[in-house]
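One structure is given here, and the rest of the page talks about it.
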Amino acid sequence: MKIPMHTVILTEIKKLRRYSILRAGLIVVVLSDLFAFAPVFANDGVRKNFTLVMNNILESNCTYFFPSLILLTGGFLARREYTDDTLKNILAVPVPLRMLLSGKMIVLFFLTVFFGVLSGLMGIILCFAASLPDLTLPLIAEWMSRIVLGNTFLFIALLPLTIVSVFFVNAVYACTAAGFVYGFFATLEGARLNYYPVKAVLILFDPQCGAGYDFVRYSKEAACLSLLAVLLISVILFPILQPTGMANGVKTSKKDARPKGW
27 MKIPMHTVIL TEIKKLRRYS ILRAGLIVVV LSDLFAFAPV FANDGVRKNF TLVMNNILES
87 NCTYFFPSLI LLTGGFLARR EYTDDTLKNI LAVPVPLRML LSGKMIVLFF LTVFFGVLSG
147 LMGIILCFAA SLPDLTLPLI AEWMSRIVLG NTFLFIALLP LTIVSVFFVN AVYACTAAGF
207 VYGFFATLEG ARLNYYPVKA VLILFDPQCG AGYDFVRYSK EAACLSLLAV LLISVILFPI
267 LQPTGMANGV KTSKKDARPK GW
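Residues in the sequence shown are numbered from 27 upward in steps of one, following this note's numbering.
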């Protein structure tokens, strides 16, 4: 009997209660928001308001904290089946390995949206506690949408690396480090960055992206084209990659190897 995808997704969501990944994600969200909120205390002559803080949160999420969080979480979801030695039991149900990994990536997408919502809500709470001006309902709705959509499209920008992180359990930490560098380069400015996927997310959702720079003009059309290309690469990459570190999805050790002869 074939297991439907929604059953795989619900099972993966239930597993999250046994893992510490939600607590780790919450810590990253708090750090990202506090990092973005810190300039409020700077005496630099810049007007401190709700828009400034939420703009900083969007940039902080996309360039510093969320790329590593998404890749580490995706790799963790896949790696746990391997380290806990539960994969052989799951595949006996049977659930095809590629279907299982697809379910984990869908759950990762939901977690990315969830962390984005938490980040936006915490930013609103910080601004309210600091009594910053311009904290109005229309601006709250606008910036919540920008942050959540920004994190959602960041998930697309990271898809190729996420697929590698999920398929190759030994490459999780390397992909996480690569994700940090990948996000950091989006803090730079330049016309060529129109086609840089993480920068494309900021071009689409950060109204201050490129502001104050006379030498660069960013194009939302180019940004959309860049993200579409990444999505297409991911669609091609997912069915052709073969997971490594496992034999048919199950770890085989010398102890479990079948002895020769009778």
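Every residue gets a Cβ at the ideal spot worked out from N, C-alpha and C, and that includes glycine.
Residue i in three-state terms, based on DSSP
i: residue 140; result: helix
i: residue 241; result: coil
i: residue 272; result: Low confidence applies to residue 272: its pLDDT is 46, below 50, so where it sits in the model is not reliable, and the reading given next is rough at best. Correct three-state label for residue 272: coil.
Straight-line Cα distance separating residue j from residue i
i: residue 244; j: residue 231; result: 12 Å
i: residue 202; j: residue 138; result: 15 Å
i: residue 123; j: residue 136; result: 20 Å
i: residue 46; j: residue 242; result: 43 Å
i: residue 176; j: residue 30; result: 30 Å
i: residue 60; j: residue 190; result: 30 Å
i: residue 278; j: residue 264; result: Because residue 278 sits at a pLDDT of 40, beneath the cut-off of 50, its placement in the model cannot be relied upon, and the following sentence gives the value as read from the coordinates. In a straight line, the C-alpha of residue 278 is about 24 Å away from that of residue 264.
Residue i versus the options, residue with shortest Cα-Cα distance
i: residue 183; options: 257, 174, 62; result: 257
i: residue 62; options: 71, 81, 45, 73; result: 81
i: residue 76; options: 236, 168, 238, 220; result: 168
i: residue 131; options: 227, 229, 36; result: 36
i: residue 43; options: 103, 66, 74, 65; result: 103
i: residue 233; options: 161, 198, 194, 171; result: 171
i: residue 134; options: 163, 145, 192, 149; result: 192
i: residue 87; options: 254, 263, 227, 259; result: 227
i: residue 240; options: 69, 160, 91, 217; result: 217
i: residue 91; options: 213, 73, 78; result: 213
i: residue 197; options: 127, 68, 105; result: 105
Cβ-Cβ distance between residue i and residue j below 8 Å
i: residue 20; j: residue 224; result: The question about residue 20 has no answer, for the chain in this structure spans 27 to 288.
i: residue 173; j: residue 84; result: yes
i: residue 93; j: residue 208; result: yes
i: residue 95; j: residue 140; result: no
i: residue 66; j: residue 149; result: no
i: residue 34; j: residue 146; result: no
field: Three CB pairs or more closer than 8 Å across the segment 84-102 and the segment 250-265
entry: Note that the segment 84-102 does not touch the segment 250-265; fewer than 3 beta-carbon pairs, one per stretch, sit closer than 8 Å.
Given 8 Å, three or more beta-carbon pairs between the segment 146-157 and the segment 184-203 | Between the segment 146-157 and the segment 184-203 there are fewer than three inter-stretch CB-CB distances shorter than 8 Å, so the stretches are not counted as touching.
- Should the segment 202-212 be called in touch with the segment 48-68, which here means at least 3 C-beta pairs below 8 Å? The answer is no - the segment 48-68 does not touch the segment 202-212, with fewer than three Cβ pairs under 8 Å.
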